[in-house]
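Working notes, structure below.
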Amino acid sequence: MEFRVGFGFDSHEFTENKKLILGGVEIDFPYGLKGHSDGDALLHAITDAILGAIGERDIGELFSDEDKRWKNAPSEIFLKKALELMREKGYELSNLDCTLIAERPKIAPYKDKIRENLSKLIGVDKDRISIKGKRREGFCKENGIVCMCTVLIYRA
Ligand code: MG
1 MEFRVGFGFD SHEFTENKKL ILGGVEIDFP YGLKGHSDGD ALLHAITDAI LGAIGERDIG
61 ELFSDEDKRW KNAPSEIFLK KALELMREKG YELSNLDCTL IAERPKIAPY KDKIRENLSK
121 LIGVDKDRIS IKGKRREGFC KENGIVCMCT VLIYRA
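Going left to right, the sequence shown walks through residues 1 to 156 as our numbering numbers them.
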């Protein structure tokens with residue numbers, strides 16, 4: 001069996017007049033995340049982790065923010081493409097470990113919903129997906145959200 005690991009990072013600033021979407025789940029919060037697409041920094045980090053694991057080009061190269069097709073696009077599109085490329089190469093996803101760093105909103109009440117949604121999108125059991133919420137404890141500005149993700153994939 002061949003294993004590969006991938007790492008993804010993304011950060012987006014808060015913006016007004018946009019819904020906050022993380023892991024495809026709408027979060028009750030007065031600000032959304034700035035970005036060409038729906039701004040789902042968690043799905044962007046996961047997508048980049050998968051693309052990294054298979055040695056593909058990154059999310060910014062595959063889905064340019066100058067391309068009108070991705071304007072306000074749901075980020076599931078990017079994740080689905082990365083999964084398709086991964087499966088074309090014969091790999092399956094073993095597990096995902098994600099950390100969201102944000103002073104606000106609180107991630108804890110949404111963790112399970114996000115895990116359930118990711119489990120459906122990716123087609124793996126919920127116990128293979130971890131979502132952790134962390135705070136910056138005052139060392140950095142509080143105007144956005146940072147997401148990091150590690151993925152393990154395997155080919156039998
Ligand atoms: Mg992004």
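Heads up, the beta-carbon is just placed ideally off N, CA and C, and yes, glycines get one too.
On a predicted model such as this, the values are computed, not experimentally measured, just so you know.
- Between the ligand MG and D10, a heavy atom-to-CB distance of less than 7 Å is present.
- 8 Å or more divides the Cβ of A41 from the Cβ of D67.
- In this structure the stretch 46-60 touches the stretch 92-101; the number of beta carbon pairs closer than 8 Å is three or more.
- Set against 7 Å, the gap from the CB of G35 to the closest heavy atom of the ligand MG is smaller.
- Counting the other Cβ atoms within 10 Å of the Cβ of V151 gives 16 or more, which makes it buried.
- Bounds of any beta strand (DSSP E) do not take in F78; it lies within the alpha helix (DSSP H) bounded by 76-88.
- Checking the 7 Å criterion, the Cβ of A108 is out of range of every heavy atom belonging to the ligand MG.
- Unbroken beta strand (DSSP E) stretches of 3 residues or longer found wholly inside the stretch 23-59: 25-27, given in chain order.
- In the DSSP assignment, E116 falls outside any beta strand (DSSP E) and lies within the alpha helix (DSSP H) extending over 111-122.
- Non-local beta-carbon contacts of E16 in its own chain, meaning distances under 7 Å to residues more than five positions away in sequence, involve Y31 in chain order.
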